[in-house]
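Trainee:
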Amino acid sequence: MSGKINILIADDTKSLLDALKRSLQANKEVLCTTASDGKEAWEILSKTSPETPFDVLVTDLDMPRMSGKELIEMARKKHPDLIVVVISGRMDAQVTENELLPYNINGFLSKPFSLRELSAMIQELTKPVNA
């Protein structure tokens, strides 16, 4: 991964989207795009040019118009190397993580989580392999 880390965040809670974008972009090496639901995120992903691909998708599971699972499934077909981090407010994180095994996600955080936690996870997942 060279240059800036390009992140797409999909969540139907506007205040969370704004906070995540502001927090992650405090790091000058990060660019964030936000989507208010899975369908909007898919529209953004499907129009992404190969020259400026997204490196990371951060998505909620329960959103209107298209669920996080549907979004991940479609995103994986078009962008198999996309790093996927799921954020979820579901009460039973263990069940949720098991339910996500077929989607080959890279990270999972239960809401509420700290912005530092997400930032650290993204930094770890996007570290060059030979660094």
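In short: position in the sequence shown from 1, add 2, done, that's the working numbering.
For each residue, glycine too, the CB sits at the ideal point set by N, CA and C.
Give the range of the beta strand (DSSP E) segment to which residue 33 is assigned.
Mentor: Position 31 of the sequence shown, counted from the start, is the residue given in the question as residue 33. Counting along the chain, the beta strand (DSSP E) containing residue 33 begins and ends at 32-37.
Trainee: Using three-state DSSP, classify residue 63 as helix, strand or coil.
Mentor: Taking the first residue of the sequence shown as 1, we reach residue 63 at position 61. Three-state result, residue 63: coil.
Trainee: Determine the extent of the beta strand (DSSP E) in which residue 90 is found, giving its start and end residues.
Mentor: Here residue 90 is taken as the residue at index 88 of the sequence shown, counted from 1. It spans 85-90 - the beta strand (DSSP E) in which residue 90 sits, taken as one unbroken run.
Trainee: Please classify residue 112: does DSSP put it in a helix, a strand, or coil?
Mentor: Taking the first residue of the sequence shown as 1, we reach residue 112 at position 110. DSSP places residue 112 in strand when its eight states are reduced to three.
Trainee: Alpha carbon to alpha carbon, how far is residue 111 from residue 63? Give it in angstroms, no decimals.
Mentor: Counting from 1 along the sequence shown, the entry for residue 63 is found at position 61. Counting from 1 along the sequence shown, the entry for residue 111 is found at position 109. Their backbone Cα atoms lie some 11 angstroms apart in a straight line.
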